[in-house]
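Notes for the one structure printed next.
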Amino acid sequence: MPRAHTKYVCQQCGGQYPSAYGRCPSCGAWNSLVETLDRPEAQPRRVAGVPNGSAPPMPLAHVESVAHKRLQLPLEEINRVLGGGVVPGSLVLLGGEPGIGKSTLLLQVSNLAAQHFGTVLYATGEESPEQVKLRADRLGSIAAELHILAETDIDIIIGHASQMHPALLIVDSIQTMQTSDLESAAGSVGQVRESTSRLAKLAKREGVATFLVGHVTKEGNIAGPKVLEHMVDTVLYLEGDRFHAYRLLRSVKNRFGATHEVGVFDMQDNGMAEVSNPSAAFLAEREANSAGSVVAVTLEGTRPLLVELQALVTPTHFGLPRRTANGIDMNRLILLTAVLSRRAGLPLATQDVYVNVAGGMRLTETSWDLAAALAIASSFTDTPLNETAVIGEVGLGGEVRSVNQIRRRVGEALKLGFERCIVPRRSLTELRGEEGDSIIGVGTLQEALSVTGCRPS
């Protein structure tokens, strides 16, 4: 079979060349040429006139809605993140750091799908069938309809999938796949983009739900061209500390459901176990009467989560005090310490400040600002905050700002037995009907310190 014609396209200026160069001859950009299949362009149509057989425009209101029939896996955390289940014909990209559990999770999903929905094809380009079998033995019984294929040629994988018509196709990983039509090595921009394009056509044509495993860069982004995330229907990230048991499956893009949904799993010897009540799990080891420990209520997608924020304030032994953050944004911590010093009168210029989110959780929104500030003040004054949940964003003026979906956050805290919730005063109007003695509204950071007894004398 003759090799398809290829060309090299500059990603900066769009220039096309028959061979590769280290530097684009047109714009001078380095390492910007990407190998691409030279497909013949379609003939341009006439500007005037409508081609025969084309469908006319129609009102959007008259378009019939299509309800996607989802595959409901017996893993509710997966169904939650995907928006209610796996959509046939969808293309899902799963990213995460090495060793975080991507292959383990997808092998578990494959086994459950084979037990309930029929044939499943697991294509691996990084491991041998024997290595996958060792991991599968730890997960328990192996379904008879789960098939393994150790192959890196994407065309061979697509050929087998077209013959088998599986309910689910797993490709682990997309960076190891290649097509012989391109001369570049596997993992290059051209190979990753072309392999994903062919898998997308297979998924839409055959109605095969396809999961792709993607490597991540040092910055935590999925390796390869950014267009890779635009070609798929759903982008998931498996997060967590490899030295902690909990893993968070986060949705950052979903054409069939809400984004930023989170599923929580516990990494065990026999696979990923669902955590049905993650708030209770994150707070299970929290000690009572511990200064510097405050419970924050964050919202991940539609799920409120209660996490423990720990702060430690100690005198510095150097001229420049240290600020160390684990699980929160470092710049946000520096901002909060400056506000505490200027607006609340805490002498933190001579103190080292350390803030940690217990359990390996990483907070991305700003509703934890007030909790972090109170945790720092609690550690500085050695004042414990028992049975108190804190919600609120802190501004540069020391004001406590409201956050969204406050009723859902407060309800989760009260359900777990917290005696009081400190919330922004502006949010009290949304909490009418809740228990009045359990909810305390504050307007400024100074007022929050006075209410909790953490204000320095």
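When we follow the numbering used here, the leftmost residue of the sequence shown carries the number 625, and every step to the right adds one. For glycine and all other residues, C-beta sits at the position ideal for the given N, C-alpha and C.
From residue i to residue j, what distance separates their C-alpha atoms?
| i | j | result |
| --- | --- | --- |
| D890 | F906 | 11 Å |
| P1080 | T926 | 37 Å |
| P681 | V687 | 11 Å |
| S914 | K757 | 46 Å |
| E775 | C634 | 30 Å |
| P971 | A1037 | 32 Å |
| S1026 | T948 | 26 Å |
| L806 | Y645 | 16 Å |
| I1063 | Y870 | 31 Å |
| A696 | V851 | Correcting the residue type first, residue 696 is Gln in the shown sequence and not Ala. So the two alpha carbons sit approximately 29 Å from each other. |
| R986 | N950 | 8 Å |
| P698 | A810 | 35 Å |
| S656 | I952 | 35 Å |
| E909 | L731 | 31 Å |
| A1001 | C1078 | 6 Å |
| E898 | E700 | 8 Å |
| T1012 | E853 | 41 Å |
Compute the distance between the beta-carbons of residue i and residue j, then report whether it is under 8 Å.
| i | j | result |
| --- | --- | --- |
| T834 | I798 | no |
| L763 | G895 | yes |
| A960 | G1022 | Checking the sequence, you will find Leu at residue 960 rather than Ala. No, the Cβ-Cβ distance between L960 and G1022 is not below 8 Å. |
| G1065 | L1073 | no |
| N735 | L770 | yes |
| L836 | V981 | no |
| A920 | W992 | yes |
| H868 | G983 | yes |
| T748 | I778 | no |
| L862 | G709 | no |
| G1016 | L994 | yes |
| G622 | I724 | With the chain covering 625 to 1081 only, the question about residue 622 has no answer from this structure. |
What's the call for residue i, buried or exposed, on a 16-neighbour Cβ count within 10 Å?
| i | result |
| --- | --- |
| E659 | buried |
| L684 | exposed |
| F1042 | buried |
| I958 | exposed |
| D893 | exposed |
| R817 | buried |
| Q640 | exposed |
| K825 | exposed |
| P753 | exposed |
| R874 | buried |
| S765 | exposed |
| A791 | buried |
In its own chain, which residues sit with a C-beta less than 8 Å from the C-beta of residue i, not counting the 5 before and 5 after it?
| i | result |
| --- | --- |
| Q975 | V937, T938, P939, T940, P945, F1004 |
Whose C-beta lies closer than 6 Å to the C-beta of residue i among residues of the same chain, with five residues either side of it excluded?
| i | result |
| --- | --- |
| M625 | Note that M625 scores a pLDDT of 40, beneath 50, so its modelled location is shaky; the value from the coordinates is reported in the next line. Answer for M625: no residue qualifies. |
| A999 | G916, V918, L933, A935 |
| C637 | S650, C651 |
| N878 | G707, T858 |
| A793 | In the sequence on display, residue 793 carries Leu and not Ala. L745, A785, V832, T834. |
| W654 | R647 |
Quick one: what's got a C-beta closer than 7 Å to residue i's C-beta in the same chain, skipping five residues either side?
| i | result |
| --- | --- |
| L1020 | V963 |
| E1054 | I1030, R1031 |
| E750 | D796, S797, T800 |
| V1075 | I1046, I1064, V1066 |
| A847 | Q799, G838, H839, V840, T841 |
Enumerate, from N- to C-terminal direction, the unbroken alpha helix (DSSP H) stretches of 4 or more residues contained entirely within the region 736-785. The region 736-785 is shown to contain whole alpha helix (DSSP H) runs of 4 or more residues at 753-763, in chain order.
Residue ranges of each alpha helix (DSSP H) within the region 1006-1069, 4 or longer: 1030-1039, all fully within the region 1006-1069.
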